[in-house]
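2 protein chains.
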Amino acid sequence: MQNSFTEENYLKIIHALSGREGVEVSTNALAESTSTRAASVTDMLRKLADKGLIHYKKYQGVTLTESGEKVAIKVIRKHRLWEVFLVEKLGFGWDEVHDIAEELEHIPSEVLVEKLDTYLGHPKFDPHGDPIPDAKGNLTEPDYLILTDVHVGEKVLMMGVLDHAPSFLQHLDRSGITLGAVIEVKEINEYDKSASVQINGGPTLFISLEVSKNLLVQRR
Amino acid sequence: MQNSFTEENYLKIIHALSGREGVEVSTNALAESTSTRAASVTDMLRKLADKGLIHYKKYQGVTLTESGEKVAIKVIRKHRLWEVFLVEKLGFGWDEVHDIAEELEHIPSEVLVEKLDTYLGHPKFDPHGDPIPDAKGNLTEPDYLILTDVHVGEKVLMMGVLDHAPSFLQHLDRSGITLGAVIEVKEINEYDKSASVQINGGPTLFISLEVSKNLLVQRR
DNA sequence: ATATATTTTTAGGTTAGTCTAAATTTTTTA
DNA sequence: TAAAAAATTTAGACTAACCTAAAAATATAT
Ligand SMILES: [Mn+2]
Ligand SMILES: [Mn+2]
Ligand SMILES: [Mn+2]
Ligand SMILES: [Mn+2]
Chain A
109 MQNSFTEENY LKIIHALSGR EGVEVSTNAL AESTSTRAAS VTDMLRKLAD KGLIHYKKYQ
169 GVTLTESGEK VAIKVIRKHR LWEVFLVEKL GFGWDEVHDI AEELEHIPSE VLVEKLDTYL
229 GHPKFDPHGD PIPDAKGNLT EPDYLILTDV HVGEKVLMMG VLDHAPSFLQ HLDRSGITLG
289 AVIEVKEINE YDKSASVQIN GGPTLFISLE VSKNLLVQRR
Chain B
109 MQNSFTEENY LKIIHALSGR EGVEVSTNAL AESTSTRAAS VTDMLRKLAD KGLIHYKKYQ
169 GVTLTESGEK VAIKVIRKHR LWEVFLVEKL GFGWDEVHDI AEELEHIPSE VLVEKLDTYL
229 GHPKFDPHGD PIPDAKGNLT EPDYLILTDV HVGEKVLMMG VLDHAPSFLQ HLDRSGITLG
289 AVIEVKEINE YDKSASVQIN GGPTLFISLE VSKNLLVQRR
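This is the structure:
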């Protein structure tokens, strides 16, 4: 039996909220993320449990089964590959592709995904720095730092974002903070944790804690 | 209000069955094409009529309104552009792309379609020789001949197919009959209208009336 | 011009996914 | 540890898109 568009979205969201440790996800958290009501979530959870895609005990929250995890990762693979296509081939900005990929990720053909992957040169990361699962379903989250964990004087590489909102990505564009940029932390203000950073050895700019909290970086 | 996946399919099918002259399409014909029952079609027709997308008088068949026509042509544009993408960029065969395009044609973003079109170099025809509507919604069906209308001794260019079934397209592949091939009619058998044709000045082969009826060609 | 056959519509129901309101369970607080 | 608050589930209902069976309209044949 094929999974519906809606079921795939639930699985993907459970995967995201469950995190690497596979913690239980609450009904309310799912209602929030799916923009539905808790009662609707409960209905869907019963269905996903019946299909063997989630572990569900009433009032106890849910986690993905192995089979649910597999489906979720396939959807994530498609989402991220399509985002690469949209940016690399069609020339979209990284702030424009999420909603379109949200639709494309549900196109069912396996062979399509594999041909797309080949066409794109088997990319390992999407335009936001998120890792792309391989064809076998292996997804390894690199362990990046958040910029707030970086000390004054350190130079790090910009590797990804936590917030994917267009407004945030556009803000980064205007600041010249792109994937791969070298960020040197020049100063951190004790008062509000805002920071002064130098980008690619060029201009120095101030960024708020809000921005720092959403930047994934790596020591070199 | 956005049109649903299902509504778009109805409009596209009404467009196809209605033809260039815009003849009325019957409930049964739509039931056949949509693989649903006549009663379901009636339900949908009432809905499409309420939305102003079709002209509908009970028992009298339907035609598209201008606004319905516009929607149908947009869907056709997307379908055919995606087919070009799948064949030209991803390396699918022309016999493999229809079902995938059937899904991709419902992805909503306007800007996506236009960027895709640009990326593909504004193609005028899809892999089956069908014309691609332009961004303004102009769709001009070239008036090709059917191979059955070609006389012995004439040389014509293969321009398209009427049957889009994978089995038919694969049969053409095996026969070396591709878009743009030169077909010279060497002989027509009176008994069953099967024909002997020469492809690109090379091999001569026999084709049945069934095949001839589905080949669109052009005099040079 | 009837009678018969065909087509189409209506009537009444189903399923997926959603909702609000009420009941129940779990968690937190006093 | 009992009361209050919060989270979750249940009950009952809605819409979109489908279905079968029956009724009504149109087309065809005698
Ligand atoms: Mn995304
Ligand atoms: Mn992404
Ligand atoms: Mn097609
Ligand atoms: Mn085509």
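Chains A and B are the protein sequences, given in the same order.
In terms of the working numbering, the first sequence is residues 109 to 328.
In terms of the working numbering, the second sequence is residues 109 to 328.
Even for Gly, the Cβ is constructed at its ideal location relative to N, Cα and C.
- The alpha-carbon of I122(A) is positioned some 17 Å away from that of T248(A).
- Straight through space, the alpha carbons of I291(B) and V264(B) are spaced by roughly 5 Å.
- For I122(A), the enclosing alpha helix (DSSP H) covers residues F113 to S126.
- Counted as a single uninterrupted DSSP element, the beta strand (DSSP E) harbouring T312(A) occupies residues T312 to I315.
- Among the CB atoms of chain A, one or more fall inside 8 Å of the CB of G199(B).
- Exclusion of the five residues before and after N136(A) leaves A146 as the residues of its chain whose Cβ lies within less than 7 Å of its Cβ.
- A Cβ-Cβ distance of about 30 Å is found for the pair V325(A) and V221(A), leaving them out of contact under the 8 Å criterion.
- Of the residues assessed, F314(B) falls on the exposed side of the cut-off, its CB having fewer than 16 other CB atoms within 10 angstroms.
- Going by beta carbons, V149(B) and A139(B) fall inside the 8 Å limit.
- Judged by their CB atoms, L119(B) and L172(B) are nearer to each other than the 8 Å cut-off.
- Separation of the CB atoms of V133(B) and V170(B) is rounded to 5 Å, and the pair is thereby assigned contact status at 8 Å.
- The closest heavy atom of ligand 1 lies less than 7 Å from the beta carbon of H272(A).
- In this structure, ligand 3 has a non-hydrogen atom nearer than 7 Å to the beta-carbon of A209(B).
- Per the DSSP secondary-structure output, K263(B) pairs in a beta bridge with E292(B).
- By the CB criterion at 8 Å, L277(A) and D225(A) fall outside the cutoff.
- For Y299(B), the closest Cβ of chain A is not nearer than 8 Å.
- Excluding the 5 residues flanking it on each side, E116(B) has same chain C-beta neighbours closer than 7 Å at V179, V183 and H214, in chain order.
- Taking L317(B) as reference, the option from Q306(B), G284(B) and I296(B) with the minimal CA-CA separation is I296(B).
- For a cut-off of 8 Å, the C-beta gap from S175(A) to G199(A) is around 38 Å, too long to register as a contact.
- For Q306(B), no alpha helix (DSSP H) segment is defined; the enclosing uninterrupted segment is the beta strand (DSSP E) at A303 to I307.
- If you check the CB distance, S320(B) and L253(B) do not come in under 8 Å.
- At least one CB atom of chain B sits nearer than 8 Å to the CB of K223(A).
- For D203(A), the CB stays at least 7 Å from every heavy atom of ligand 4.
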